[in-house]
Structures are given as C-alpha cells and as structure tokens.
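Chains as they are written, first to last, in the working numbering: chain G, 1 to 406; chain F, 1001 to 1357. Where a beta carbon is used, it is the ideal one built from N, C-alpha and C, also for glycine. Encoded as structure tokens, the structure appears first; notes follow it.
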Amino acid sequence: MNREVVVTGIGVITCSAEGIEDFCQSLMEGRAAIGPVTLFDTSGYPCRLAGEIKSIRKLAALRREEMSDLGRASVFAIVAAQLALEDARFDPLPYSPSRIGVVLGTILADVQFIEEMEILGTRFSDHPMHQVPHYHPAINVARYHNCRGINYTLSAACASGNYAIGFGADIIKAGAADCVLCGGTDALSHLLFTGFNRLRVMAPEKCSAFDKNRKGMVLGEGSCIMVLEEKQAAFRRGAPIYCAVAGYGLTCDAYDLSAPKPDGARAADAMKIALSDARLKVTDINYINAHGTGTHANDKMECLAYRKVFGDLMRVIPTSSIKPMIGHTMGAAGAIEAAACAVALKYGIIPPTINFETEDPECDINLVPNSCLIRPGLKAALNNSFGFGGSNASVVFTSAEREASS
Amino acid sequence: MSVYITNLSFISRLGTSIEEWVENVEKGQSQPLPDALPLDSFLIEDFRPSLYLGAKGVSYKARSTLFSLAALRLLFDREDPFLPDLREGDIGICFASNAGSIQSIADYARSTMRGGFKATSPMQLAMIMPSITSANLAIRHNVSGFNTTISSGISAGLDILNYSSIFLREKRCRKVLAGGAEEITEITREFFQNVDCLRRSRVTPGEGAAILVLEEGEDASRFRNVFGEIRGYGHAFNTEPKRNSAVKHAMSECMQAALEDAGLGPEEIDCICLNHNGYPRTDRAEAAALETLFPRKTKRTRFKNMIGECYGASGVFQVIGACLDGGKKEYDRLIGKHYLINCFDFESNYSSLVLKG
C-alpha cells in the first residue's frame, strides 16, 4: 500500500502564541514571552526564567467541566487538539472515530500531581487514576475529542514530539488509521526546572542558541497537535494542506544518559535516514529547524552533525531555533518546531533565532538571526530533535505544492 | 510480511530461564510469597541485580531498569549468532512501561520539595524520564537504532509489538528488542490501591521484565529459533470506560480487529490468553465478549494468576507464555497453534494480538 501522509491541521499553544495564525505572527515578529516563573517558588535558584503559559483563551469555548481535574499537560493537549481539528475543518467529522488515532509525545506529562502530593501530603491512592500515569494526556485528548483508534504515548525524552509525528504517519501508511492526531505536550514542572538548574545548563537571562556567548537553555511549556491524513483522502474532502510528512529517521547515541555524543555521529545518521526515507538529497532541503537548546554541548554537537550531513551547504541552508522565543518545551518541542517547519513551507516564513549577538566559529551554519526571512516557495524542511538518553529524531516535511503536483 | 519472535529473555516470578518457566507453568505453580501482604504476593524477592550487572552497574537505577538490564544480560549470555550484530545500528529498542519511573519521580519530588534546590542531585534527573529503561539498555549494550518507550496502560505490552512490527515491515530496522518492565515499589503499591479503580477489586500487582527479539522474514527457516509469529493486532479505545456495555463492545471490536488483521476466524483460534486480572468490570466484560465471539470449546488460559498484573509488561509476559506453551518442547519451528492474547487496561486502551506458536 503506497499511502502518503499530509498535515491538514495544526493546533499550537505556547507561552507566546495560541492557534496557528497567532503562532505564524509570533514567528514573524520574533515574539518572546520568557519571564520569571510564577507557578512555583524559584527563590534561591540561579536561573528563574521560563516560557510559562499564563492564560488560554480557547478554554472559554470548551467543555470545561470535563477538564476540571486534569493536569496542565492534558489541558494543553486538549486545547491544541481542538485548535487543530478546527484548523483541519473537521466539522462534520470526515472519518469514523474508530479510524482516528492519537499519538502523543511527552516527558513528564501531568507530573504536577506528584509534586502536589509532596506539598499537600496526599498519597497516590487519593488521586483518581486519570491524574497520575504519564499516558493520560493522550487518553484525555481521545476521550474529549472522541477518537477511538490507536492511542499511544511515546517517550524519547526531548525527541518525543518528532517520534510521535513519525509514527503517526507510519500508522496511516500502514492502513491502521485514516487520521491521526499527533504531536506533543508538556507542562512546566518544578522537578525538571530544579533538575536542569542543578545540571547548570539553564541560562540566567536569555537563551541565545548558537551564539558564542550562549549560557544555556530556558524551559517552556505547551503543546502542538497536528492532524495527519492520507493524501488522497485529504484532497478528496478539500482539506487545507500544510505539507507532507515525507520521511523520518530515529537513532540513539547509546553514549550517555544526559550528555549528547560529542561527535554528533548518530544525530547525523538520523538526518541521513530521514532524507533517505523521504527520497531527497541534501540539496533539496531549504530550511532546517534546529534543536538549538542554547547549551554549549548540544549546539556544538548539532553543528558537527550538520557538517557531517550537509558539508558546506550549511553555509547556505537557512537554519534557526525557536527555543529562545518559547523556551524548551520538552516532549512538545519537536511537535511545535514541526509546526514552524509547516509554516515555513506553506507561507514562506522562516523564523528567526532571537537573542543572537556573536558568531561562534564552532557553530558554522547559516543561522537566521533576530529577524524572520520571507522565502516563498520552499520545497522541503528538516526538523531536528535530540534528547536525554541520546534520542535523535529528524523529520522531513515537503511542501503541499510539491505534493499536489506529484 | 511476517514478524517472528526469534529469542526471548525474562526476569519473572516464574523464573529466569525457559526451563524454569515451563516447569513452573506445567506444575501450575503460582508461587505467591507465603507471608507477603496481598500487594506484595508477586514480588521478585530474591532478585539480586549485582549478580547480573556487577556492583557498579546497579547504582541510581530503578528496579524496573535493573530487571530489564538483567534480562538483556541473560539474553547475551546465551550462545546465539544474533548477538554480535546488535551493534550494527539498525537494531531498535521498543519498551513498554507505565509506572517504571514513577518511584524515581516521587523520590525526586521528595528531595526537591523537602530539601530544596541544593538537596537535589543532578545525577537523578535522567532517572525520572519514562524512557530511562530503554536508554540504559541502549547505552550498556551500544544499541544505536531507534529507542522508543510506549505507555498506554496494560495494553502497552502488545502495543510495542505492533509498533515494532510496523518498523520491521517498513524496513526502518532489521531487528527489534521489544520488551516491557514494571516494578513493585512503595508508590506502585499505592497506585494499585487507587480509590477510583482498585479498592474493591482483587488485582495483585506483579513485576519483572521481559524482552523479545523480533525479526521480519518470509522464510522462518533461516532463523535458529522461532518462538512465535505475530499474525495480527487489534486495538480499540473506549471513550466510556465506566459503562459496562461500552467496555464489552470495545473489547469485542478489539478482538475482531486482531482476527481480521490475522485473516483468521474465531474457530481457528486454539487458545485465548485472557487479560483476566481480578478487576471486576474488565473481567466480566471480557468473559461476555468471548462468549459471543468464540466457541465454548476454545481453550482459555491466564498467566496473571502466576505472575501478577505486570501492567505495561503483562502483554510481553503473556506472549512469552504462549510461546512457551506446554504443548511445545522445541523452539526451532512453529507447531501452528494460534493464540489470541488480550490486554485490556483498567481504563480505555484495549489491545489484542494473534500469535502463531
């Protein structure tokens, strides 16, 4: 069965944007919404900034009684799914609910309940089941939106979102679903905030990915859900098409639990596999959305990996990281950054890497600094995510025009 | 294209070797610990991780991670031509785990919330990731293909086999180490006493790790061992998990989907490995769904009364139970019995798998 998969709807919620139009606008403006954390006490911490979501406009239009006791990551995912379904014009539902799957990536999901247990002195047995294990955002999305197909939660640390998009496309190709809501969700957690501070990889003032004087990353939170459909079915129903999921590659460094393998060899392999899976050459890629956390080790490794794959082309291909704007959203990062690739392919908006000041000879890439580029007619974009445990995931997206002509 | 189980390994209450497992199943020995509290009946009390991993390999690791590392060590200790090519890069790891890192998260939360910023060890951060077990397996044995952890409740143990089968059929890898691991700890005991679901039930948690080696191939004869062939998979998501008729309906859909995927009718199934775990709603619904779908004469079996409810790992243990079914003594060929294996979560996720043993 030769089924191709396209993205027909995107729902995104970050600290700086809600909904795909707002997200496009925020990328064009280079809008950042990083500020002091208010969700928990950070006094005594060297780094106290994050990309925190302060309010959700869409909540007013949703059945809030069904979400009253859910965690933040679940709520973000339900909202993002609603936005994605509206964006894909899923009213009325074009598929049987049993043929609509949900595949989400996350790291700690609704872990705030465990944090609360320590604060309030409650026990696990005091909490309803749906608040605790980390597969509940996917379940809560499916229940709220009546999706009765495959329902998986994938964890591959910060690469989880890309893992989910790749597998979402695979199950449509395999004929196991007609439509998949896939992406990622994660909420700002006291645990991760403390842990990354203790690892000394957090930036005290701002995230400056690929900058010579970069000081580390800033955490964020949010969710992005993409509606994936089989291409011909999407065309038949006149669905809006952002781009196609052309191919992906997954590898593992098998090196260290928290540090990336310095030579970037397996990260490079993930990109090569993704290109091969998409049947594209390095010269076909017009935009790269980098993992770009702003830590010394990651950015250096990532650029080495790019050199291994693209060689001198890296001085030409526009590359950017949106993490300085929205923070590192953990399990949602790959999916939110995939949305940035989709926006680039559909509208020609290449987002900037804000906070960039000084070139780093170790990061010899064609970075898009501080202001967005407008480049209509892009054909293919590469989205990269690298996570703890050495998880590497690269996804190639191709433009809708290219798909329509094929 | 078929996917075959060409090797397996486990740390379980039924033993750590094929011989022990088969012997204990044939004797019908459930072996709950005699003096244990009900929630600890299936604790693997005599597990000594340093025997498999050495003293240095044990520190900072969760019990479920240690089970998994030990199970993989046992696999590697067998003489098998498969083992050297693990390092070739196109071998993936896919692991099922729902609660494997929850004790680590709770411990970490305790030190963070009570001790504050400086009391938190940076070493512990990686340990709270749900993917920590599969990452540890990859690092220890240099397995550098994909590395996925799936959480979906009790069905996760079968879901990883579907995920892995798709990867093998799509040629995304050549072999997969597919497994599951769970642990009995302070926090998982509380989890199984959860007010919403389990207070009035007789679910007894189990623990352990199980690993299967999966390979794709038209011709099973090229493998040294063939323990089983994955023939079909079905999944259903129930949006109304508290309504009995909806539970039964979704379970029926799930089993029918697996049969359809396998191209088999209900009468062609030789044995059903039940989900039956003591949770009243799903046990009743499973029995009712089977009643309407399958002939009464079809053999039914359950492993959970021997190893406990191993949650994310239970599907992998049930598959091992089918592969090592008492009717089969040699593992170099399939004897052609078809098993339907059910994994139905307390909540919404239901999966069934058809295995040719």
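Residue burial classification, Gln232 (chain G) (beta-carbon count within 10 angstroms, cutoff 16): In the first sequence, residue 232 (chain G) corresponds to position 232, counting from 1. Gln232 (chain G) comes out exposed.
Minimum Cβ-Cβ distance from Arg143 (chain G) to chain F less than 7 Å: On the first sequence, position 143 is the one that residue 143 (chain G) refers to. At a cut-off of 7 Å between C-beta atoms, Arg143 (chain G) counts as an interface residue with respect to chain F.
Glu18 (chain G) versus Pro1122 (chain F): straight-line alpha-carbon distance, rounded: Start at 1 with the first residue of the first sequence, and residue 18 (chain G) comes out as number 18. Start at 1 with the first residue of the second sequence, and residue 1122 (chain F) comes out as number 122. Straight through space, the alpha carbons of Pro1122 (chain F) and Glu18 (chain G) are spaced by roughly 33 Å.
Own chain partners of Val1247 (chain F) with C-beta closer than 7 Å, once the 5 adjacent residues on each side are dropped: Translated into positions along the second sequence, residue 1247 (chain F) becomes position 247. Shown here for Val1247 (chain F): same chain residues with a beta carbon closer than 7 Å to its own, the five before and five after excluded, namely Asn1238, Pro1241, Arg1281, Thr1282, Ala1285 in chain order.
Validate contact between the segment 68-75 of chain G and the segment 157-177 of chain G using beta carbons, cut 8 Å, 3 pairs: As far as the Cβ criterion goes, the segment 68-75 of chain G does not touch the segment 157-177 of chain G, which means the pair count is below three.
CB contact check: Met1251 (chain F) to chain G, cutoff 7 Å: Here residue 1251 (chain F) is taken as the residue at index 251 of the second sequence, counted from 1. Among the CB atoms of chain G, none fall inside 7 Å of the CB of Met1251 (chain F).
Range of the contiguous alpha helix (DSSP H) that encloses Glu1026 (chain F): Taking the second sequence and counting its residues from 1, the one referred to as residue 1026 (chain F) is at position 26. That run of the alpha helix (DSSP H) goes 1018-1027.
Among F:Glu1291, F:Gly1308, F:Ser1144, the one whose alpha carbon lies nearest that of Arg1189 (chain F): Here residue 1189 (chain F) is taken as the residue at index 189 of the second sequence, counted from 1. Ranking F:Glu1291, F:Gly1308, F:Ser1144 by CA distance to the CA of Arg1189 (chain F) puts F:Gly1308 first.
Option in G:Ala239, G:Met301, G:Ser98, G:Gly105 with minimal Cα separation from Glu86 (chain G): In the first sequence, the residue the question calls residue 86 (chain G) occupies position 86. The residue among G:Ala239, G:Met301, G:Ser98, G:Gly105 with its C-alpha nearest the C-alpha of Glu86 (chain G) is G:Ala239.
Classification of Lys323 (chain G) by the beta-carbon crowding that lies within 10 angstroms, buried from 16 upward: For the purposes of this step, residue 323 (chain G) is taken as the residue at position 323 of the first sequence. Residue environment: Lys323 (chain G) is assigned as buried (16 or more neighbouring CB atoms within 10 Å of its CB, all protein chains considered).
Distance between beta carbons of Leu250 (chain G) and Phe1146 (chain F), contact taken as under 8 Å: Translated into positions along the second sequence, residue 1146 (chain F) becomes position 146. Translated into positions along the first sequence, residue 250 (chain G) becomes position 250. Their Cβ separation, rounded to whole angstroms, is 4 Å, which keeps Phe1146 (chain F) and Leu250 (chain G) in contact under 8 Å.
Partners in chain F for Cys252 (chain G), counting only beta-carbon separations shorter than 9 Å: Position 252 of the first sequence holds residue 252 (chain G). The contacting residues are Gly1092, Ile1093, Ser1134, Ala1135, Ala1138, Ile1139, Val1143, Ser1144, Gly1145, Phe1146, Asn1147.
Min CB distance Ala400 (chain G) to chain F below 7 Å: Taking the first residue of the first sequence as position 1, residue 400 (chain G) is located at position 400. Put simply, the CB of Ala400 (chain G) is far from chain F, with every gap to its CB atoms at 7 Å or more.
Min CB distance His134 (chain G) to chain F below 7 Å: As a working note, residue 134 (chain G) is residue 134 in the first sequence. Closer than 7 Å to some Cβ of chain F, the Cβ of His134 (chain G) qualifies, so yes.
Ordered list of beta strand (DSSP E) runs contained in the segment 61-105 of chain G, each at least 3 residues: Runs of the beta strand (DSSP E) spanning 3 or more residues and lying entirely within the segment 61-105 of chain G occur at 100-105, in chain order.
Nearest-angstrom Cα separation, counted from Glu52 (chain G) out to Val227 (chain G): As a position in the first sequence, residue 227 (chain G) is number 227, starting the count at 1. As a position in the first sequence, residue 52 (chain G) is number 52, starting the count at 1. Those two C-alpha atoms are separated by around 25 Å.
Same chain only: Cβ atoms within 6 Å of Arg1302 (chain F), ignoring 5 sequence neighbours per side: Here residue 1302 (chain F) corresponds to residue number 302 of the second sequence, with the count starting at 1. The beta carbon of Arg1302 (chain F) sits closer than 6 Å to the beta carbons of Leu1274, His1276 from its chain, once the five residues preceding and following it are set aside; these are given in chain order.
Neighbour flag for Glu4 (chain G) against chain F, beta carbons, 7 Å: Taking the first sequence and counting its residues from 1, the one referred to as residue 4 (chain G) is at position 4. Chain F, which has no Cβ nearer than 7 Å to the Cβ of Glu4 (chain G), makes this no.
Cβ neighbour criterion (16 or more within 10 Å) applied to Tyr1339 (chain F): On the second sequence, residue 1339 (chain F) is found 339 positions in, with the first residue counted as 1. Buried, since its Cβ has 16 or more Cβ neighbours within 10 Å.
Test: Asp312 (chain G) CB closer than 7 Å to a CB of chain F: In the first sequence, the residue the question calls residue 312 (chain G) occupies position 312. The beta carbon of Asp312 (chain G) does not come within 7 Å of any beta carbon belonging to chain F, so the residue lies off that interface.
Assumed close pair Gly30 (chain G), Met325 (chain G) - CB separation to whole angstroms, cut-off 8 Å: What you label residue 30 (chain G) is simply residue 30 of the first sequence in a count that begins at 1. What you label residue 325 (chain G) is simply residue 325 of the first sequence in a count that begins at 1. Sure, about 7 Å apart at Cβ, within 8 Å.
Given Ala342 (chain G) as reference, the closest of G:Lys379, G:Asn355, G:Thr329 once Cα atoms are compared: The residue you call residue 342 (chain G) lines up with position 342 of the first sequence. Nearest to Ala342 (chain G) by alpha-carbon distance, out of G:Lys379, G:Asn355, G:Thr329, is G:Lys379.
Cβ of Arg198 (chain G) within 7 Å of any chain F Cβ: By one-based count along the first sequence, residue 198 (chain G) stands at place 198. Output row for Arg198 (chain G): interface = yes.
Inter-residue spacing [alpha-carbon to alpha-carbon] between Gln1124 (chain F) and Gly389 (chain G): If you number the second sequence from 1, residue 1124 (chain F) lands on position 124. If you number the first sequence from 1, residue 389 (chain G) lands on position 389. So the alpha carbons of these two residues sit roughly 13 Å apart.
Glu52 (chain G) - DSSP class collapsed to helix/strand/coil: Working through the first sequence from its first residue, we reach residue 52 (chain G) at position 52. Of the three classes helix, strand and coil, the one that applies to Glu52 (chain G) here is coil, per DSSP.
Backbone CA spacing between Glu205 (chain G) and Pro46 (chain G) [nearest angstrom]: Indexing the first sequence from 1 puts residue 205 (chain G) at position 205. Indexing the first sequence from 1 puts residue 46 (chain G) at position 46. Our two residues, Glu205 (chain G) and Pro46 (chain G), have alpha carbons roughly 10 Å apart in a direct line.
Backbone secondary structure at Phe356 (chain G) - three-state DSSP: Here residue 356 (chain G) is taken as the residue at index 356 of the first sequence, counted from 1. Phe356 (chain G): coil per DSSP, three-state reduction.
Distance between Leu1053 (chain F) and Ser98 (chain G) (C-alpha atoms, nearest Å): The residue labelled residue 98 (chain G) in the question sits at position 98 within the first sequence. The residue labelled residue 1053 (chain F) in the question sits at position 53 within the second sequence. Taking the straight line joining both Cα atoms gives about 45 Å.
Meets three-Cβ-pair contact criterion under 8 Å: the segment 310-317 of chain G and the segment 276-285 of chain G: Yes, they touch.
Contact with chain G by Ala1151 (chain F), beta-carbon distance below 7 Å: Counting from one through the second sequence, the residue named residue 1151 (chain F) turns up at place 151. What sits at residue 1151 (chain F) in the sequence shown is Ser, not Ala. Chain G contact via Cβ: present.
C-beta neighbour in chain G for Asp1107 (chain F), strict 7 Å: Residue 1107 (chain F) sits at position 107 when you count from the first residue of the second sequence. Contact of Asp1107 (chain F) with chain G is not assigned, every C-beta pair being separated by 7 Å or more.
Closest residue to Arg3 (chain G) among G:Gly292, G:Ile165, G:Pro92, G:Ala177 (Cα-Cα distance): Within the first sequence, residue 3 (chain G) is the residue found at index 3, counting from 1. For Arg3 (chain G), the nearest C-alpha among the options comes from G:Ala177.
Assigned secondary structure, Thr14 (chain G) (DSSP; H/G/I helix, E/B strand, else coil): The sequence position of residue 14 (chain G) within the first sequence is 14, counting from 1. The answer is coil: DSSP assigns Thr14 (chain G) none of H, G, I, E or B.
Ile165 (chain G) beta carbon less than 7 Å from that of Val79 (chain G): As a working mapping, residue 79 (chain G) is identified with position 79 in the first sequence. As a working mapping, residue 165 (chain G) is identified with position 165 in the first sequence. Remark: C-beta atoms of Val79 (chain G) and Ile165 (chain G) do not approach each other more closely than 7 Å.
Inter-residue spacing [alpha-carbon to alpha-carbon] between Ser1002 (chain F) and Ile1230 (chain F): Stepping through the second sequence from its first residue, residue 1002 (chain F) is reached at position 2. Stepping through the second sequence from its first residue, residue 1230 (chain F) is reached at position 230. Ser1002 (chain F) and Ile1230 (chain F): Cα-Cα distance of roughly 7 Å.
Three-way DSSP call (helix, strand, coil) for Gly1001 (chain F) in this model: By 1-based counting over the second sequence, the position of residue 1001 (chain F) is 1. Looking at the sequence itself, residue 1001 (chain F) is Met, so the reference to Gly does not match. Correct three-state label for Met1001 (chain F): coil.
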